[in-house]
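Just so you know, the sequences run in chain order A and B. Residue numbers for the first sequence follow the working numbering, beginning at 1 and rising by one. Residue numbers for the second sequence follow the working numbering, beginning at 1001 and rising by one.
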Amino acid sequence: MDAQQRFAVEIETLAELLPELDYYRILLVDKNADQEAVGEAFRRESRRLHPDRSATLSDEVVKDKANDVYRLINEAWRVLKDPEGRARYDLLLADGVLRMTDDAKAGAASDKRAGDPESAVTHPKAEKYWKMALRDFNDGQFKSCVMNIQFALNFEPGNEVMKEYLEKATKSRDEEESKKEKNPYKLRIM
Amino acid sequence: MGIAVGIDLGTSNSVVATVIEGQAVVLADAEGRSVHPSVVAFGYGNAVVVGHRAKQQLAYAPENTVFSAKRLIGRRFNSDEVDRIRRMVAWGVAEGPHGDARVRVKGKVYAVPEISAHVLAHMKGIAEQATGQAVDGAVITVPAYFNDQQRQATRDAATIAGLKCLRIINEPTAAALAYGYGQAHKQHIVVYDLGGGTFDVSVLRLDGELFEVVSTAGDTFLGGDDFDGAICDHLAEQLKAQTGLDVTGNHSARTKLLEAAERAKKALSKVNAVAVKVPGLGRDPAGNPIGLQTPLDQGTVQRLVMPLIQRSFAVCDEALTEAGLTPGQIDHVLLVGGMTRFPLVREAVGHYFQKQPLDHLNPDQVVAQGAAIQAFALTAYSDRPAAVLLDVTPQTLGVRMVGGFLDPIIPRNSSIPTEMGKTFTTAHDNQGEVRIQVYQGESRIAAENELLGEFILSGLRQAPRGEVKVKVSFSIDADGIVKVSAKDLETGRSVETTLQASSNLTQAEVEELKFDELGF
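The following block contains the structure:
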């Protein structure tokens, strides 16, 4: 069997296994390996299994499989090269999730959304006002905050997060206004 | 069996190379010329000439002589870039049936890939004559920032020319390949590619035969043309100060100043100062002719173009940040593109990266040589491949969400080939189809990016809203070309996807345009 045939057999075998492989197993690297070693593993497997190496094969099925195999290698590297992404993946993997699919990520993203009001905006034109509103809110500039939320709500009237903030900001603004009235040092010009 | 070649299909010039006995060799024509103008001239009857002979025709029949077709390839007729090109050229630009920009010469309309196909066929002919062998396939280079449509159109051009396109690769990556081929040590390099109209920068990690693009960034509106523009503005100011003549809005006078600016810029890469003389710019109230006569030195030009060079460094910063590297960590800097011949650019690049850029490579030939090495690696199997190229996608691929935002699916600088899935659901009861618009670009607002096309998932099952879940897979192949497939998750059935609103030729149109055996 020549080298090219060996390559084809290896691809066929791996393609069968793909659904069962996690990112560490496709890269043939230990789960506890440091970032450097994961990078080395990605490069080692790229050298071995890059689909370009199947370019001279005449069997289209093997070529397609080589692409499938390498896409998983790329996916593994894309997730693992970022320490944060790797940490998230390790948690998923402990629950038996093998791949950071769209849905797994969407779960993570919606968790983030719950804690981060900045991502509540969906309309591009509302975005500017919403950002200003949140800054005002944090700075205690409630009067300006209310105005900015109202502008933002013009573009997406149904936004619950914005409405919630509007309520809070309006309340704070009114409290502030009433405090001003009671200020004993304020001079009134009669 | 024939040979595989690499073709640098450039905006102004094209070069063809192949690997002979382990060396990437640029192939010359019978007159010994290795760089060929990417110019296609239409003569009497159906006669078409390409290259040097075509360029000669530019002087006396500019309306029949097509140059810079690459600027139009894969672009929509209604775009700023196409407007700019229309003002630049003497031949006609027309709108094609897909909203694509086309070339109109002698009353006939040609798809842009057809024009590029003439250039590719010409390069193929040169290679066959030089080697005495048939050309079986080619690796063709494109700018790194080229989007899916432009890559697809380039592939179509190869098919029309009767050339098997082995792979589309990025120009900076090809340059890196030519530089690093046969070197064993690990290193980080930067390819700084400043051409006539665009700027690209790529950071690569080289490790033996492995060429890994770590990040790439670019500015599609920064190039030599902008340098000329800045110098031209300065000349216009001088003219106004000297004579009171204001050439704002005066097309012919401005063109003359622009040409003078370009000439001065070229001359200043060899000498320290030039005298600019531009006669016939207008007449004073007494009817005497007004011209411009002013000295221009390198110091002045440096002041004028420095902001532009700084802009390129902002792009370099972006690419380096993405790669997690500092300029000092880069081992070598490679210069590509005509503008990098300009000493001011070289000097500033050296300063930014804290090291002299490499200059032992021929900037005209290095891209074609790299393409030839990749063509060789793709056609000759070996246990130790000549080169394994790991490239990235230069622009984010995403879909338009409700509200007009872009939902990124495949972020830029993702290694290719790659695939990402996304699940879509129906928004109404008994909804029969879902419309998905696919964009490429970095703006968070979908409409500010390039629309690749619109996919309609049709024939969905009748069900209450939210119940039908369709999984759409977006993949980018090694050529950087996007493919979409969809599957109904409930039934496991594949859903029909039809690509609409793409500006590209259909498969049938490409077949129709194919040159016959004799050429064209």
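Every residue gets a Cβ at the ideal spot worked out from N, C-alpha and C, and that includes glycine. None of these values were measured; they are calculated from a predicted model.
Inspect the beta-carbon positions of residue i and residue j and report whether they are closer than 9 Å.
i         : j         : result
B/Gln1369 : B/Val1035 : no
B/Val1039 : B/Gly1022 : no
B/Gln1187 : B/Gly1180 : yes
B/Arg1071 : B/Thr1011 : yes
B/Gly1096 : B/Arg1102 : yes
B/Ala1375 : B/Val1139 : yes
B/Val1399 : B/Ala1446 : yes
B/Pro1295 : B/Val1276 : yes
B/Pro1411 : B/Thr1216 : no
B/Leu1452 : B/Ala1153 : no
B/Asp1193 : B/Val1336 : yes
B/Val1271 : B/Val1015 : no
A/Arg47   : B/Val1019 : no
B/Ala1176 : B/Leu1210 : no
B/Leu1378 : A/Asp52   : yes
A/Val62   : A/Ile26   : no
B/Gln1149 : B/Ser1503 : yes
B/Asn1250 : B/Gly1282 : yes
Does the beta carbon of residue i come closer than 9 Å to any beta carbon on chain A?
i         : result
B/Tyr1381 : yes
B/Arg1444 : yes
B/Gly1441 : no
B/Ala1463 : no
B/Pro1285 : no
B/Gly1132 : no
B/Ser1012 : no
B/Thr1418 : yes
To which residues of the same chain is residue i closer than 8 Å at the C-beta, ignoring the five residues directly before and after it?
i         : result
B/Val1135 : Gly1002, Ile1003, Ala1004, Val1005, Lys1124, Ala1127, Glu1128 and Leu1163
A/Glu175  : none
If you draw a straight line from the alpha carbon of residue i to that of residue j, how long is it in whole angstroms?
i         : j         : result
A/Gln141  : A/Met147  : 10 Å
B/Val1191 : B/Ala1371 : 15 Å
B/Val1112 : B/Gly1287 : 46 Å
B/Val1470 : A/Asn154  : 32 Å
B/Pro1143 : B/Val1049 : 26 Å
B/Leu1239 : B/Gly1132 : 57 Å
A/Glu118  : A/Ser172  : 20 Å
B/Glu1490 : B/Gln1431 : 15 Å
A/Gln4    : A/Leu57   : 8 Å
B/Val1392 : B/Gly1244 : 53 Å
B/Gly1338 : B/Lys1266 : 10 Å
B/Gln1183 : A/Glu45   : 20 Å
B/Val1253 : B/Ala1061 : Sequence check: residue 1253 of chain B is Ala here, not Val. Roughly 22 Å separates the two Cα atoms.
Of the choices the options, whose alpha-carbon is the least far from that of residue i?
i         : options                                       : result
B/Tyr1439 : B/Thr1423, B/Gly1404, B/Val1201 and B/Gln1462 : B/Gly1404
B/Val1305 : B/Asp1225, B/Asn1078, B/Asp1407 and B/Val1089 : B/Asp1225
B/Ala1178 : B/Leu1257, B/Cys1165, B/Gln1365 and B/His1185 : B/Gln1365
B/His1122 : B/Arg1341, B/Ala1157, B/Glu1081 and B/Glu1209 : B/Ala1157
B/Ile1168 : B/Ala1094, B/Arg1341, B/Gln1356 and B/Arg1151 : B/Arg1151
A/Leu134  : A/Tyr24, A/Glu60, A/Ala152 and A/Lys125       : A/Ala152
B/Arg1311 : B/His1251, B/Ala1377 and B/Gly1218            : B/Gly1218
B/Gly989  : B/Phe1146, B/Glu1063, B/Ala1267 and B/His1360 : No statement about residue 989 of chain B is possible, as the shown extent of chain B runs from 1001 to 1520 and does not include it.
B/Ala1236 : B/Ala1486, B/Ala1041, B/Leu1258 and B/Phe1221 : B/Leu1258
B/Ala1260 : B/Asp1233, B/Gly1282 and B/Arg1283            : B/Asp1233
A/Leu14   : A/Tyr70, A/Ala37 and A/Glu36                  : A/Tyr70
Under 6 Å Cβ to Cβ from residue i, same chain only, skipping five residues before and after it: list those, please.
i         : result
A/Tyr89   : Val79 and Met100
B/Pro1343 : Ser1269
B/Leu1009 : Ile1140
B/Pro1279 : Gly1291
B/Val1066 : Val1040, Trp1091, Val1103 and Ile1115
Is the shortest distance between the beta-carbon of residue i and the beta-carbons of chain B less than 9 Å?
i        : result
A/Trp77  : yes
A/Ala108 : No answer about A/Ala108 holds up, because its pLDDT of 47 lies below 50 and its placement is not dependable.
A/Arg113 : Model confidence at A/Arg113 stands at a pLDDT of 44, short of 50, so the residue's coordinates are unreliable and nothing is read from them.
A/Arg43  : yes
A/Arg88  : no
A/Asn67  : yes
A/Ser58  : no
A/Asp95  : no
A/Asn154 : no
A/Glu160 : no
Short of 7 Å in beta carbon distance, which residues of its chain neighbour residue i, apart from the five on each side in sequence? Order them along the chain.
i         : result
B/Glu1114 : Ile1160 and Leu1513
A/Ala169  : Phe137, Phe142, Cys145, Val146 and Ile149
B/Arg1053 : none
B/Pro1327 : Leu1320, Tyr1352, Phe1353 and Gln1354
A/Gly107  : With a pLDDT of only 46 at A/Gly107, under 50, the local geometry of the prediction cannot be trusted, and the value read off the model is given with reservation. Closer than 7 Å at the Cβ level, and outside the excluded window around A/Gly107, lies no residue.
For chain C, find out if any of its Cβ atoms is closer than 9 Å to the Cβ of residue i; answer yes or no.
i       : result
A/Tyr70 : The displayed structure is made up of protein chains A and B, and chain C is not among them.
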